[in-house]
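Undergrad: Line order of the protein sequences matches chains F and Y. Every position in the first sequence, counted from 1, becomes a number in my numbering once 43 is added. For the second sequence, counting from 1, position 473 maps to 463 in my numbering; every step adds exactly one. Just so you know, even glycine gets a beta-carbon here, dropped at the ideal spot from N, CA and C.
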Amino acid sequence: MIKPKTEAELAQAVADATGPLKIIGGGTRDVGAPVTGGVLSTRGLSGIELYEPGALTIVVKAGTPVAKVEQALAAEGQRLPFEPLDYRALLGTTGTPTIGGVVASNASGPRRIQAGACRDSLIGVRFVDGHGDAIKNGGRVMKNVTGYDLVKLMAGSWGTLGVLSEVSFKVLPVPEAAAELRISGLSEAEATKAMSAAMGSPFDVTGAAHLPEGVGEGPDTILRIEGFSASVAYRAKELTKLLAPFGDVAVEHDPTQVAASWKWLRDVEAFATRDGAVWRVSLKPTNAAVFSAMLEQNDLEHQAIFDWAGGLVWLLVPDEGDAGAAVIRQQIATFGGHATLVRASEATRRAVPVFQPEPAPLVAISAGLRKQFDPRGILNPGLMG
Amino acid sequence: MDMPAPNPTVLAKKARIVDRLLAVLPADAVIHEVEETRAYECDALTAYKCPPLCAVLPSTTAEVSEILKICHEEGVPVVPRGSGTSLAGGALPTADSVILGVARMNEVLETDYDNRFIRVQSGRTNLSVTGAVEEEDFFYAPDPSSQLACAIAGNVGMNSGGAHCLKYGVTTNNLLGVTMVLMDGTIVEIGGAHLDAGGLDLLGVICGSEGQLGVVTEATLRILRKPEGARPVLIGYDSNEVAGECVSDIIKAGVLPVAIEFMDRPCIRATEAFAKAGYPDCESLLIVEVEGSDAEIDEQLGLISEIARKHNPVELRESKSAEESAAIWLGRKSAFGAMGQINDYMCLDGTIPVSALPMVLRRIGELSKQYGLDVGNVFHAGDGNMHPLILFDANKPGDLELCEEFGAEILKLCVEVGGCLTGEHGVGVEKRDLMDAQFDPVDLEAQLRVKDVFDPAWLLNPAKVFPLNATATRRAA
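What follows is the structure, encoded as structure tokens:
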């Protein structure tokens, strides 16, 4: 395993590589088509370079543990807005998640619907491309349109365009209080309606999810609000009134309970102990229920958790055959969006395109970008298809 | 400022190019008479002008595709144009270029409140996007000052911001999808009503690419429910340092205002003389706005005022009503107009880390004396996006050049302290030759390679964003 300690060493390692490289941070996000190659770890690039709480910005080396970043922020009453999910429970991996891994996978949690994705909080990157050049883009200020935005392009590129060495974020204050609202017994169709009503209200909902029967105490539809105590109390009351037509609303104000509930959802812990393949499906929120119904009609046995008010569906299916790929992607062709097979056996991940196949012109553009950034095809080759 | 010499081969075949365009467009959509093309000779950066070969005004994505196919085959550079409000010269033509204006494409295609998005043709103006949804109490968040006139196409091209982006983000954070036409005429759909990319985040790199990667003809935009209300507080200080500390303390206290605006003394005086908003005559003035229900606003304004008082303000005025809010915003909204009354001005928009604010303002003051040109500063303090307005006399020989030199010094200073050349206006031609101050050659090369993929012939808006010497071989190929 190559484990450079500086960006210059990292650049040298890539330049010197004679074959494919499997790039890892903490090795907790084993997603994508399996990569065979020499392991290149970013764990040696660790540390907080700069943190200015008064400017809401932090600059961190890519191999820094996520926990270390979160601790530093918490000490100043701040946090990463996008609530990065931790894949360890779901994928059964061990190791220490790194901040570079969060960026490479654009890992965003339930708050994505209100605070944006990882890519929206990301304001700067440094990375080493396949030529072995150390490149910077963006910076440490939150408003920056100088040149092309390669920051977004790097987020979610799973190490296929370059190896991240440093990342910068816009951060936000941790609110004083949070509350969870819960309606029990809704069908998937009713739940998407209730979540749309909440999201279309002025009450600044920061989480909206539906847990089906057999998951937790489901069926449960849950909403989260955050802010100053008096404001949270006021909005909980207003939302309870607004959602009355859907059923009784139970409100939880205990901060520990609320935090635990949303961490459990964020990390898809419900599927952690269940056998099967897991898909992450992004679609128009109100399509979630009908999408799930169509899978049923096509005899695909599944369990679906709706996050992002329905815009994100976590799908548990049997890890047999194509793990439901044909049926799922046929429905995506109808409804729009995309489906990623985040958990499956290596054999399945070799046989099925893990990432959503794209139309020919976009395939050509993505292939063209990979060729430009990594002409030798050595950076996590084939991981994204 | 140099522009590449027009390609004589293209100039020589103008008639043929116009004929081919007329074959795919209605006669009134092709503007080719020399006197008529003058309407497209510049954008809001009026210091530079050049009439294009011709201008085309398509009404559909299919027409845009036909136009680009022809220009691709003929090897004609194409300059996309929204409403022409760019302050950076993003839509400045060359004599051998076709201006592709999307102004006629201004329809709303779909409105979906349950899923909180709107799909529009890209020529629609920013403000009229909100106009289309405000009956249902929704709005489109990015609000550049030019929002009455500027088109979504330009917003996407420049990744436009506005006063409220501390809370709501800029265009890229509110853009869900685009229909875009590549230079060879291929129509692509990227993103849509769902969130995030299934593969590489192409939408992320298209937004802010200044019309160099493709022509965006439709956009899916996130819309939000309006907050119950919003009110500002006005705070005056006798020192920029103290005002800067106050901003930092407000942010650290856990309040997230939707806007924190900052004006310095020259700007306060100019706006007072012009708009008579009743601002105090002090060194620096903050306008901090928060949102929510009345009680929520009172609580947040109370907290902000408590922090502000610790820094001994010379004035502190919490708005209690819509009228008082309007009075507080009046001066800020008139700032550019007020400066324009005094003289011609150049508006910069470098961003700096908030912590560097007092130092940068002091240095700008020193440079102002050195160059003998007055500067007023008005900017978005929460995110460090400055807008120094340098006053000059366009009729005085040499003044524009002096002003540009001074502006370049300020922008280099922004980069030196850890910021950037442009926070929301874009590079265009205005800051093109300063890119070397912010980027090393390898950084620029990585960006040029992206353009190589989308537009291998380098025909889309080719003389913008990058220093001409860095792109010369690619443009000539």
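(1) For R352 (chain Y), count neighbouring C-beta atoms within 10 Å of its own C-beta (all shown protein chains included) and say buried if the count is 16 or more, exposed if not.
(2) Kindly indicate which three-state DSSP category N333 (chain Y) falls into: helix, strand or coil?
(3) Quick one: which residues of the segment 341 to 354 of chain Y get their C-beta closer than 8 angstroms to a C-beta of chain F? List them in chain order.
(4) Quick one, which residues of the segment 313 to 336 of chain Y are near chain F if we go by CB-CB under 8 angstroms, in chain order?
(5) Label D318 (chain F) either buried or exposed according to how many other C-beta atoms from any shown protein chain fall within 10 Å of its C-beta, with 16 as the threshold for buried.
(6) I'd like to check one pair, G364 (chain F) with A331 (chain F): are the Cβ atoms closer than 7 angstroms?
(7) How is W357 (chain F) classed by DSSP in three states: helix, strand or coil?
(8) Of all the CB atoms in chain Y, is at least one closer than 7 angstroms to the CB of L422 (chain F)?
(9) For Q55 (chain F), go through chain Y and note every residue whose CB falls closer than 8 angstroms to its CB, in chain order.
(10) In terms of alpha-carbon separation, which member of F:R392, F:T79 and F:S409 lies closest to L192 (chain Y)?
(11) If the cut is a Cβ gap below 8 angstroms, which residues of chain F does L246 (chain Y) touch?
(12) Does any residue of chain F have a CB that is nearer than 7 angstroms to the CB of E272 (chain Y)?
(13) So, helix, strand or coil for V92 (chain Y), using DSSP?
(14) List, in chain order, every chain F residue whose beta-carbon is nearer than 9 angstroms to that of E289 (chain Y).
(15) Could you tell me whether any Cβ in chain F is nearer than 7 angstroms to the Cβ of H154 (chain Y)?
(16) Taking only runs of the beta strand (DSSP E) that begin and end inside the segment 172 to 252 of chain Y, which ones reach a length of at least 3 residues, in chain order?
(17) Using the three-state DSSP reduction, which class does K65 (chain F) fall into: helix, strand or coil?
(18) Are G151 (chain Y) and E414 (chain Y) closer than 7 angstroms when you measure CB to CB?
(19) Applying the 10 Å Cβ sphere with the 16-neighbour rule, what's the burial state of E344 (chain F)?
(20) So that I know if they touch, is there some Cβ in chain Y lying closer than 7 angstroms to that of L359 (chain F)?
(21) Helix, strand or coil: how does DSSP classify V103 (chain F) here?
(22) In three-state DSSP terms, what is P282 (chain F)?
(23) Which bits of chain F does C162 (chain Y) rub up against, with CB to CB less than 8 angstroms?
(24) Beta strand (DSSP E) containing V419 (chain Y): first to last residue?
(25) Who are the near neighbours of P124 (chain Y) in its chain, counting only those whose CB is closer than 8 angstroms to its CB and skipping five residues on each side?
(26) Just checking D350 (chain F) against the ligand HEM - is the residue's beta carbon closer than 6 angstroms to any of the ligand's heavy atoms?
(27) Hey, out of Y:L15, Y:D133, Y:D288 and Y:C257, whose CA is closest to F271 (chain F)'s CA?
(28) State the start and end residues of the unbroken beta strand (DSSP E) segment that holds E92 (chain F).
(29) Taking the straight line between their C-alpha atoms, what separation do you get for Y130 (chain Y) and Q111 (chain Y)?
(30) With a threshold of 7 angstroms between beta carbons, is S325 (chain F) in contact with chain Y?
(31) With DSSP collapsed to three states, give me the class of H370 (chain Y).
(32) Between the Cα of V57 (chain F) and those of F:Y277, F:E256, F:L204 and F:W322, spot the shortest distance and give me the residue it belongs to.
(33) DSSP state of H381 (chain F), grouped into three classes?
(34) Curious, which full-length beta strand (DSSP E) runs of at least 3 residues does the segment 69 to 139 of chain Y contain?
(35) Using beta carbons (cut-off 7 angstroms, strictly below), is L412 (chain F) in contact with chain Y?
(36) In chain order, which continuous runs of the alpha helix (DSSP H) of length 4 or greater are located wholly inside the segment 292 to 350 of chain Y?
TA: Walking through what the data contain:
(1) For the purposes of this step, residue 352 (chain Y) is taken as the residue at position 362 of the second sequence. It counts as exposed.
(2) Here the question's residue 333 (chain Y) lines up with position 343 in the second sequence. In the structure shown, N333 (chain Y) sits in coil (DSSP, three-state: anything other than H, G, I, E or B).
(3) Cβ contacts with chain F: T341, I342, P343, V344 and S345.
(4) From the segment 313 to 336 of chain Y, no residue has a Cβ closer than 8 angstroms to chain F.
(5) Here residue 318 (chain F) corresponds to residue number 275 of the first sequence, with the count starting at 1. The residue is exposed, with fewer than 16 neighbouring Cβ atoms inside 10 Å.
(6) Taking the first sequence and counting its residues from 1, one reaches residue 331 (chain F) at position 288. Taking the first sequence and counting its residues from 1, one reaches residue 364 (chain F) at position 321. At a Cβ-Cβ threshold of 7 angstroms, A331 (chain F) and G364 (chain F) do not count as neighbours.
(7) On the first sequence, residue 357 (chain F) is found 314 positions in, with the first residue counted as 1. In the displayed model, W357 (chain F) falls within a strand according to three-state DSSP.
(8) In the first sequence, residue 422 (chain F) corresponds to position 379, counting from 1. The beta carbon of L422 (chain F) does not come within 7 angstroms of any beta carbon belonging to chain Y, so the residue lies off that interface.
(9) Sequence index remark: in the first sequence, residue 55 (chain F) carries index 12 (1-based). Residues of chain Y passing the Cβ test: none, with the nearest at roughly 15 angstroms.
(10) Residue 192 (chain Y) sits at position 202 when you count from the first residue of the second sequence. Ranking F:R392, F:T79 and F:S409 by Cα distance to L192 (chain Y) puts F:S409 first.
(11) Locating residue 246 (chain Y) in the second sequence gives position 256, where the first residue counts as 1. Correct list: L215 and P216.
(12) For the purposes of this step, residue 272 (chain Y) is taken as the residue at position 282 of the second sequence. The residue asked about is misnamed: residue 272 (chain Y) is Cys in this sequence, not Glu. False, the Cβ-Cβ gap to chain F never drops below 7 angstroms.
(13) Against the second sequence, residue 92 (chain Y) aligns to sequence position 102. Here DSSP, grouped into helix, strand and coil, assigns V92 (chain Y) to coil.
(14) Position 299 of the second sequence, counting from 1, holds the residue named residue 289 (chain Y). Listed by position along chain F, the residues whose Cβ is nearer than 9 angstroms to that of E289 (chain Y) are F271, A273 and S274.
(15) Numbered from its first residue, the second sequence carries residue 154 (chain Y) at position 164. Under the 7 angstroms criterion on CB atoms, H154 (chain Y) is classed as non-interfacial with respect to chain F.
(16) With a minimum length of 3 residues, the continuous beta strand (DSSP E) runs that stay inside the segment 172 to 252 of chain Y are 177 to 181, 205 to 212 and 220 to 227.
(17) For the purposes of this step, residue 65 (chain F) is taken as the residue at position 22 of the first sequence. If DSSP states are grouped into helix, strand and coil, K65 (chain F) belongs with the strands.
(18) On the second sequence, residue 151 (chain Y) is found 161 positions in, with the first residue counted as 1. On the second sequence, residue 414 (chain Y) is found 424 positions in, with the first residue counted as 1. Yes, these two residues count as a Cβ contact at 7 angstroms.
(19) Sequence index remark: in the first sequence, residue 344 (chain F) carries index 301 (1-based). Counting every other CB atom within 10 Å of its CB across the protein chains shown gives E344 (chain F) a total below 16, marking it as exposed.
(20) Walking along the first sequence from the start, residue 359 (chain F) turns up at place 316. With 7 angstroms as the cut-off, L359 (chain F) does not count as an interface residue toward chain Y.
(21) In the first sequence, the residue the question calls residue 103 (chain F) occupies position 60. If DSSP states are grouped into helix, strand and coil, V103 (chain F) belongs with the strands.
(22) Counting from one through the first sequence, the residue named residue 282 (chain F) turns up at place 239. For the record, residue 282 (chain F) in the displayed sequence is Leu; it is not Pro. L282 (chain F) sits in a helix when the DSSP states are folded into three classes.
(23) For the purposes of this step, residue 162 (chain Y) is taken as the residue at position 172 of the second sequence. Note that residue 162 (chain Y) corresponds to Thr in the displayed sequence, not to Cys. Contact of T162 (chain Y) with chain F by beta-carbon distance below 8 angstroms involves D163, D192 and K195.
(24) Here residue 419 (chain Y) corresponds to residue number 429 of the second sequence, with the count starting at 1. Premise fails: V419 (chain Y) is in no beta strand (DSSP E) and is neither H nor E.
(25) Looking up residue 124 (chain Y) in the second sequence gives position 134. Per the sequence shown, the amino acid found at residue 124 (chain Y) is Glu instead of Pro. The answer, listed in chain order, is K216.
(26) Absence of the ligand HEM is noted for the structure shown, with no ligands found whatsoever.
(27) As a working mapping, residue 271 (chain F) is identified with position 228 in the first sequence. Nearest Cα to F271 (chain F) within the set Y:L15, Y:D133, Y:D288 and Y:C257: Y:D288.
(28) In the first sequence, residue 92 (chain F) corresponds to position 49, counting from 1. Following the DSSP letters along the chain, one finds E92 (chain F) inside the beta strand (DSSP E) bounded by residues I91 to E95.
(29) Locating residue 130 (chain Y) in the second sequence gives position 140, where the first residue counts as 1. Locating residue 111 (chain Y) in the second sequence gives position 121, where the first residue counts as 1. Each residue's alpha carbon lies about 15 angstroms from the other.
(30) In the first sequence, the residue the question calls residue 325 (chain F) occupies position 282. For S325 (chain F), the answer is yes, since a Cβ of chain Y falls inside 7 angstroms of its Cβ.
(31) To locate residue 370 (chain Y), count along the second sequence from 1; it is residue 380. The three-state secondary structure of H370 (chain Y), taken from DSSP, is strand.
(32) Your numbering for residue 57 (chain F) matches position 14 in the first sequence. Put simply, of F:Y277, F:E256, F:L204 and F:W322 the residue whose alpha carbon is nearest the alpha carbon of V57 (chain F) is F:L204.
(33) Position 338 of the first sequence, counted from the start, is the residue given in the question as residue 381 (chain F). Note: H381 (chain F) maps to strand in three-state DSSP.
(34) Along the length of the segment 69 to 139 of chain Y, whole beta strand (DSSP E) runs at least 3 residues long occupy 88 to 91, 98 to 102 and 107 to 111, reported in chain order.
(35) For the purposes of this step, residue 412 (chain F) is identified with residue 369 of the first sequence, where counting begins at 1. Judged by the 7 angstroms Cβ criterion, L412 (chain F) is in contact with chain Y.
(36) Runs of alpha helix (DSSP H) with 4 or more residues, each lying fully within the segment 292 to 350 of chain Y, are found at 312 to 332, listed in chain order.
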